[in-house]
Amino acid sequence: MTVRTRFAPSPTGFLHIGGLRTALFCWLYARRHAGRFILRIEDTDLERSTPEAIQQILDGLEWAGLDCDEGPFFQTKRFERYREVIEQLLAEGKAYRCYCTKEELEQMRAQQIARGEKPRYDGRWRERTDSLPGVAPVVRFKNPLTGEAVVDDVVHGRVIFQNSELDDLIIARSDGSPTYNFCVVVDDMDMQITHVIRGDDHLNNTPRQLNMLLALGATPPVYAHLPMILGADGAKLSKRHGAVSVLEYRDQGFLPEAVLNYLVRLGWSHGDQEFFTIEEMQSLFDIVDVNKSAAAFNFEKLAWLNQQHMMRAPPARLVPVLRWHLEQMGIEAADGTQLEQIVVAQRERAKTLREMAVNSAFFFRAPDAYDEKAVRKHIGAEVPALLAEAVVALERLEAWTAAAIHEVISGVAVARGVALGKLAQPLRLAVCGGTVSPPIDATLAILGKAETLSRLGRAQALWSA
RNA sequence: GCUCCCUUCGUCUAGAGGCCUAGGACACGGCCCUCUCAAGGCUGUAACACGAGUUCGAAUCUCGUAGGGAGCGCCA
C-alpha cells in the first residue's frame with residue numbers, strides 16, 4: 000500500500016511556521032516512502048476563509064519547496080459529497096436530527112459547568128423521531144455510548160478514550176453545511192489517506208473521527224500527533240513573537256532549506272546531527288523518531304543554521320537571492336560574476352542574505368561619509384604617506400587579483416616597517432567607509448581597479464588636508 | 001471543573017536498566033588563529049521537575065505529586 004499523507008490548513012490566515020513544520024513532516028514522510036503528498040484546503044468556514052489566505056499558503060509552500068502530488072483540493076467544492084454521506088448515516092440510523100436551539104444548548108452547558116461537569120450534549124434527541132416545527136435541525140453523529148476509542152498514535156503510543164466521555168457531535172449545521180470534524184473524516188476516507196500527521200492539538204478530536212470512520216466502514220489511518228512549536232518565551236506562538244508567517248522568513252533573508260532544517264530538528268533528531276540537506280531529511284526522516292514534548296522557537300539557532308547553509312551552498316545558488324535583497328535596497332546589481340564573488344567573500348560574515356546585502360552595499364555605492372571613531376583611531380599622521388605609496392603601487396598593478404593585491408599591500412607595509420593592519424585599516428576605511436569588510440585584498444579585487452583608485456583618491460584628498 | 005497529553009543544560013536535543021563522572025548543537029565566557037569583522041579550532045559554565053516503588057543497579061520501568069499544554073463550539 001502506498002503511503003498517502005495530507006496537509007490540511009484552513010485558509011483563515013497566513014501559513015505560519017508551525018503549519019509549515021506539519022507540512023514538512025507530512026511531505027518528508029511521503030517522500031521517504033515514495034508515497035503521495037496531498038494538499039487539502041479546509042475552507043468550510045465561509046466566514047473566515049479568504050482567497051488571499053489561500054494564495055499565501057500556496058506561496059509559502061512553493062517557497063519552501065514542499066510540492067504536493069495531488070490537490071489542492073477544496074472542501075467547499077465537495078459539499079455534495081458530504082451531504083450524501085450525511086444522508087447515508089441518517090438512513091442507517093447512525094446519525095439523527097437534533098432540534099435544540101442554540102439557547103437551549105447554551106443553557107445546558109451553563110448548568111453542567113455549574114455542577115462541575117464536563118460540558119457536553121446530553122443526547123436528548125438521540126432516540127426521538129419527531130420534529131419541531133419552525134426549528135431548522137442540525138445533524139448529530141450517534142457516538143457509541145459504551146466501550147472505548149483506542150488511538151494507536153505513532154508518537155504518543157496507545158491513547159485510550161472512554162466513549163462515555165464523548166458526546167454526539169454536530170456533523171451538519173442547521174443550514175445544512177457540514178462541520179470540520181466530519182469533513183476531515185470523509186476526506187481522509189475518500190482520499191485514502193494512510194497517515195494522518197498533524198499537530199497534537201488534534202489528539203482530542205481523534206476518537207470522534209475514529210468512531211465516525213468506523214461507522215462508515217472505513218479503515219482508519221495511522222495517526223501521528225506532533226508536538227507544538229512554542230514562541231521563544233515558551234508561550235503559544237503568536238504575532239508578538241515576531242516572524243510567524245513563512246513568507247516573512249524569505250523577506251528576512253533566510254534560505255528555505257535552512258528554515259526546513261531548523262524545523263525538522265524541532266521534535267525530531269537523528270543522533271547528534273544538526274545540519275541536513277533536503278535530500279538527507281528525505282532519506283533519514285521517520286515519524287517513529289519524533290518526540291512528544293513541545294519545542295520553543297529559537298531565532299539564534301535558525302540564524303546559525305542559515306549561515307551554515309549559506310556557507311555550504313554553491314555560490315550560484317545564493318546569487319539570485321542576494322540580487323533580490325539588493326534590489327529591495329534600491330541597488331541594481333547586473334554583474335552576476337561580481338555577485339558570486341561577493342557571496343563567497345561575505346557568506347561567512349552574515350547570518351542572512353539580507354544582512355549580506357546590507358554589508359555589501361558599499362560595493363555598489365561609494366561611502367558618502369567615513370566612520371568618525373574609526374578615522375580618529377586609524378588615520379594618524381603617517382597614514383597619508385603610507386596611502387600615497389600604496390596608491391602608486393596599486394596603480395602600477397596590471398593583474399587585478401586578490402593575490403596580486405595582497406602582494407602589493409604587504410610589500411608596502413614591509414617596506415615601511417609597519418604591520419599590515421596599519422595599512423589595511425586605512426584602506427578599508429577609504430573604500431567602504433567603515434572598519435568591517437572581507438579581507439582587504441579580496442575587497443579591492445571585487446571592487447575593481449578603477450573604483451578602488453577613485454575611492455582612495457577621494458579619501459587621500461580628505462585626510463591629507 | 002472534566003478528559004487527554006507533556007516534563008534531560010537558558011534553548012533544541014542524544015539517551016530504549018549497567019556504555020552516564022549524563023553526550024552533541026545554539027547562545028554565553030576564555031584561549032588560539034588574524035589586516036577588520038567573521039568563519040574555524042581548543043576550552044569553560046550549565047540539565048535528568050519532585051517523591052515513593054520495582055531492581056544487585058534507574059535519566060531510562062511503575063505509581064503518585066507538582067508544573068505546563070490541549071480539548072470540552074451550529075471554529076478549524
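Going by numbering that gives the first Met the number 0, the first sequence opens with residue 0, and the numbers climb by one from there.
Note that the Cβ used here is the ideal one computed from N, Cα and C, for glycine as well.
Remember, predicted model here, so these are calculated numbers, not experimental data.
In the three-state reduction of the DSSP assignment, Cys97 falls in the strand class, which pools E and B. Beta-bridge partners of Pro177 (DSSP): Ala171. If you draw a straight line from the Cα of Val245 to the Cα of Val84, it is about 36 Å long. Taking 9 Å as the cut-off, the beta carbon of Leu317 is found closer than this to the beta carbon of Arg346. The alpha-carbon of Ala302 is positioned some 18 Å away from that of Asp232. Counting the other CB atoms within 10 Å of its CB gives Leu443 a total of 16 or more, which places it among the buried residues. DSSP, read as helix, strand or coil, puts Ile40 in strand. Within the same chain, Cβ atoms closer than 7 Å to the Cβ of Val287 are found at Val153, the five residues on either side in sequence being excluded. According to the DSSP assignment, Tyr28 belongs to the alpha helix (DSSP H) that extends over 16-31. About 6 Å separates the Cβ atoms of Tyr81 and Cys182, confirming a contact at the 8 Å cut-off. For His194, the secondary structure class from DSSP, reduced to helix, strand or coil, is strand.
For Trp267, the secondary structure class from DSSP, reduced to helix, strand or coil, is strand.
In the three-state scheme derived from DSSP, where H, G and I count as helix and E and B as strand, His240 is classed as helix. In this structure Leu60 is not in contact with Ala7, their Cβ atoms being roughly 12 Å apart against a cut-off of 8 Å. Residue pairing from DSSP places Val149 in a beta bridge opposite Ile159.
The criterion of a C-beta distance shorter than 9 Å is not satisfied by Leu455 and Ala403. In the DSSP assignment, Lys235 forms a beta bridge with Leu229.
With 16 or more neighbouring CB atoms inside 10 Å of its own CB, Thr193 falls in the buried class. By the 16-neighbour rule on beta-carbons within 10 angstroms, Asp167 is buried. Cys67 places its beta carbon 9 Å or farther from that of Trp124. Under the three-state reduction of DSSP output, Thr4 falls in the strand class. Every candidate beta strand (DSSP E) stretch fails here, since none sits fully inside the stretch 267-308 while reaching 3 residues. With at least 16 other beta carbons inside 10 angstroms of its own, Glu41 counts as buried. Here Glu69 carries a strand assignment [DSSP, helix/strand/coil]. For Val413, the enclosing alpha helix (DSSP H) covers residues 401-415.
Taking Ile169 as reference, the option from Pro366, Pro136, Gln161 with the minimal CA-CA separation is Pro136. Just measuring C-alpha positions, the residue of Gln54, Phe24, Arg157, Val184 sitting nearest Gln74 is Val184.
If you compare the alpha carbons of Glu450, Val158, Met107, Tyr98 with that of Val134, the shortest gap goes to Tyr98. Take His324, set aside five residues on each side of it, and the residues of its chain with a beta-carbon closer than 7 Å to its own are Gly252, Leu352, Arg353, Ala356, in chain order. In the three-state reduction of the DSSP assignment, Val435 falls in the coil class.
The beta carbons of Ile341 and Phe362 sit about 6 Å from each other, so the pair counts as a contact at 8 Å.
The residue among Gln459, Arg139, Met211, Arg395 with its C-alpha nearest the C-alpha of Ala380 is Gln459. Excluding sequence positions up to five before and after Phe284, its CB lies within less than 6 Å of the CB of Leu27, Arg31, all in the same chain and listed in chain order. The three-state reading of DSSP puts Ala398 in coil, since its state is none of H, G, I, E or B. Secondary structure at Phe361: helix, using DSSP grouped into helix, strand and coil. The three-state secondary structure of Ala63, taken from DSSP, is helix.
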